[in-house]
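Numbering (this note's numbering), first residue to last: 67 to 270.
For each residue, glycine too, the CB sits at the ideal point set by N, CA and C.
The model shown is predicted, which means the values in this text are computed figures rather than measured ones.
Heads up: the structure comes next, in structure tokens.
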Amino acid sequence: VPAPLSATQVLLALLLIGALVLLVFGQTASFEFLEWDDPGYVRDNPKVRAGLSLSSFAWALTSLDMVNWHPLTWWSYLLDLRLFGPNPGAMHLVNVALHGINSSLLCLLLLRWGIRPALALLAGAIFAVHPLHVESVAWIAERKDLLSAFFLLALLLVWDRYVRHGQRHHYWSAVLLAALGLMAKAMLVTLPLLLLLLDGWPYA
Numbered sequence: 067v068p069a070p071l072s073a074t075q076v077l078l079a080l081l082l083i084g085a086l087v088l089l090v091f092g093q094t095a096s097f098e099f100l101e102w103d104d105p106g107y108v109r110d111n112p113k114v115r116a117g118l119s120l121s122s123f124a125w126a127l128t129s130l131d132m133v134n135w136h137p138l139t140w141w142s143y144l145l146d147l148r149l150f151g152p153n154p155g156a157m158h159l160v161n162v163a164l165h166g167i168n169s170s171l172l173c174l175l176l177l178r179w180g181i182r183p184a185l186a187l188l189a190g191a192i193f194a195v196h197p198l199h200v201e202s203v204a205w206i207a208e209r210k211d212l213l214s215a216f217f218l219l220a221l222l223l224v225w226d227r228y229v230r231h232g233q234r235h236h237y238w239s240a241v242l243l244a245a246l247g248l249m250a251k252a253m254l255v256t257l258p259l260l261l262l263l264l265d266g267w268p269y270a
């Protein structure tokens, strides 16, 4: 059984993953809005361009714009506009930061599941730079993928503590994270099936 990593070693591993994400996707800071969906989500959407306010916050809770109900995704755009104005480069960098965080969370989750440190780091690095993530990271309209992945990975880390220790506050934290993930993208409706699969591994 490999020795557990020290906090310093874990931090260095996560910094390495973050550097890989920045190296590959940092170039998106110079990208403009795409003509496919970005206008409807941000560039030409008057509600979003107004920035975060009480009225826009409430609008996001009931909006079905772009044929989706994902208020948390709308809130992230509204916050971007409030902080940065209509700056596509800044919004791309928010996507890059989210992807870096997600890649690091995956590495931490694999370590919690008992994967050897070298393999966990390799998996996190592959996840960080894999071409399948280009669309989600480099396309502002796909922010919902990154947000839902963040809440899913955070949920799985909390769920791991619940399974191992059985504390109810971990259970309810997982429920809250699931709700937030669903408010980012409806894909998380598959979560119950995923949790059932985890009963086979690593929690068998």
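Which term fits residue i, buried or exposed, when burial requires 16 or more other beta carbons within 10 angstroms of its beta carbon?
i, result
"residue 148", "exposed"
"residue 196", "exposed"
"residue 89", "exposed"
"residue 169", "buried"
"residue 190", "buried"
"residue 104", "buried"
"residue 214", "buried"
"residue 256", "exposed"
"residue 192", "exposed"
"residue 199", "buried"
"residue 81", "exposed"
"residue 242", "exposed"
"residue 211", "buried"
"residue 73", "exposed"
"residue 260", "exposed"
"residue 158", "buried"
"residue 171", "buried"
Would you please state the rounded distance, in angstroms, between the beta carbons of residue i and residue j? I believe it to be under 8 Å.
i, j, result
"residue 102", "residue 113", "Their Cβ separation, rounded to whole angstroms, is 20 Å, which puts residue 102 and residue 113 out of contact at 8 Å."
"residue 91", "residue 162", "5 Å"
"residue 180", "residue 268", "6 Å"
"residue 254", "residue 244", "6 Å"
Have a look at the options and flag the residue whose alpha-carbon is nearest the alpha-carbon of residue i.
i, options, result
"residue 225", "97, 154, 203 and 239", "239"
"residue 123", "111, 107 and 140", "140"
"residue 156", "107, 84, 207 and 96", "96"
"residue 204", "84, 154, 259 and 184", "154"
"residue 132", "146, 116, 110 and 145", "110"
"residue 185", "116, 79, 228 and 258", "79"
"residue 266", "236, 229, 75 and 182", "229"
"residue 282", "258, 236, 167 and 237", "Because the chain here runs from 67 to 270, residue 282 falls outside it and cannot be looked at."
Suppose contacts are defined by Cβ-Cβ distances below 9 Å. Is residue i in contact with residue j by that definition?
i, j, result
"residue 119", "residue 165", "no"
"residue 209", "residue 142", "yes"
"residue 206", "residue 87", "no"
"residue 144", "residue 116", "yes"
"residue 83", "residue 223", "no"
"residue 183", "residue 263", "no"
Inter-stretch contact at 8 Å, needing at least 3 Cβ pairs: the stretch 127-143 / the stretch 240-258
Yes, they touch.
Is the number of C-beta pairs between the stretch 171-179 and the stretch 218-232 that are closer than 8 Å three or more?
Flag = yes, the stretch 171-179 and the stretch 218-232 touch.
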